[in-house]
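Residue numbers (UniProt numbering): 1 to 157.
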């Protein structure tokens, strides 16, 4: 699946579709993604602002997907943990951008070279689409390691 196909798929995926979450962009090199959450009558919380579960959901899969695609098929990449800090009420549409840096990929490859597991935290800011005001900070921890059948070849290098 290429980035364009994945974007179309996730935009029709019921958890995103019925929450008002829309992937606007996935980089051709799998290094970036931009996601928007539209404020609608059906995804507001009790006080009329963005529902916290939707704020977390909009950011949830991206670090795992992008890092997995960037590292390639020799690696296992899983979500290990996550947290969210609510900073300000989301009174309108919000956006989040995820960008995977080459230095982070190099760090993960080096740390996983011996076949052991690597746990690394990634941060995403959710911002108001109009004003740019910070609405929430989401942290995701990824579990990364070489696949078992690849460790011997990696150790021999």
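Glycine included, each C-beta is placed from N, C-alpha and C at the ideal position.
*Report the rounded CA-to-CA distance for residue 120 versus residue 134, giving the unit in angstroms.*
One-based indexing of the chain shown puts residue 120 at position 120. One-based indexing of the chain shown puts residue 134 at position 134. So the alpha carbons of these two residues sit roughly 23 Å apart.
*What's the call for residue 4, buried or exposed, on a 16-neighbour Cβ count within 10 Å?*
Taking the chain shown and counting its residues from 1, one reaches residue 4 at position 4. Its Cβ having fewer than 16 others within 10 Å, residue 4 is exposed.
*State the DSSP-derived secondary structure class of residue 57, mapped to helix, strand or coil.*
Against the chain shown, residue 57 aligns to sequence position 57. Three-state result, residue 57: helix.
*What's the gap between the Cα of residue 156 and the Cα of residue 33?*
As a first step, residue 156 must be located in the chain shown, where it is residue number 156. As a first step, residue 33 must be located in the chain shown, where it is residue number 33. Because residue 156 sits at a pLDDT of 42, beneath the cut-off of 50, its placement in the model cannot be relied upon, and the point is left open.
*Can you tell me whether DSSP reads residue 9 as helix, strand or coil?*
As a working note, residue 9 is residue 9 in the chain shown. The three-state secondary structure of residue 9, taken from DSSP, is helix.
*Inter-stretch contact (C-beta, 8 Å, three-pair minimum) for the segment 18-27 and the segment 103-116*: No: fewer than three Cβ pairs fall under 8 Å.
_Candidates 66, 52 and 39, of which the one nearest residue 30 by Cα_ = Reading the chain shown from its first residue, position 30 is the one you call residue 30. For the residues 66, 52 and 39, the minimum Cα distance to residue 30 belongs to 66.
*Identify, in the order they occur along the chain, each residue of the same chain with its Cβ nearer than 6 Å to the Cβ of residue 10, setting aside the five sequence neighbours on each side.*
If you number the chain shown from 1, residue 10 lands on position 10. Result list for residue 10: 16 and 23, in chain order.
*So what does residue 23 bridge to, in DSSP terms?*
In the chain shown, residue 23 corresponds to position 23, counting from 1. BP columns for residue 23 point to 35.
*Start and end residues, beta strand (DSSP E) containing residue 126*: Along the chain shown, read from residue 1 onward, the residue named residue 126 stands at position 126. Counting along the chain, residue 126 sits inside the beta strand (DSSP E) bounded by residues 118-128.
*Please report the Cβ distance between residue 124 and residue 95, rounded to the nearest whole angstrom; I am assuming they are in contact, meaning their Cβ atoms lie under 8 Å.*
The residue you call residue 124 lines up with position 124 of the chain shown. The residue you call residue 95 lines up with position 95 of the chain shown. Not really, about 11 Å apart at Cβ, beyond 8 Å.
*Using CA coordinates, which residue listed in 52, 116, 80 and 108 is at the minimum distance from residue 86?*
What you label residue 86 is simply residue 86 of the chain shown in a count that begins at 1. With respect to the C-alpha of residue 86, the residue from 52, 116, 80 and 108 having the closest C-alpha is 52.
*Excluding the 5 residues preceding and the 5 following residue 7 in the sequence, name in chain order all residues of the same chain whose CB lies nearer than 6 Å to its CB.*
Taking the first residue of the chain shown as 1, we reach residue 7 at position 7. Around residue 7: 23 and 26.
*Below 6 Å CB to CB, which residues in the same chain sit around residue 107 once its five sequence neighbours on both sides are set aside?*
Translated into positions along the chain shown, residue 107 becomes position 107. Around residue 107, the same chain offers no residue with a beta carbon nearer than 6 Å, after the five sequence neighbours per side are excluded.
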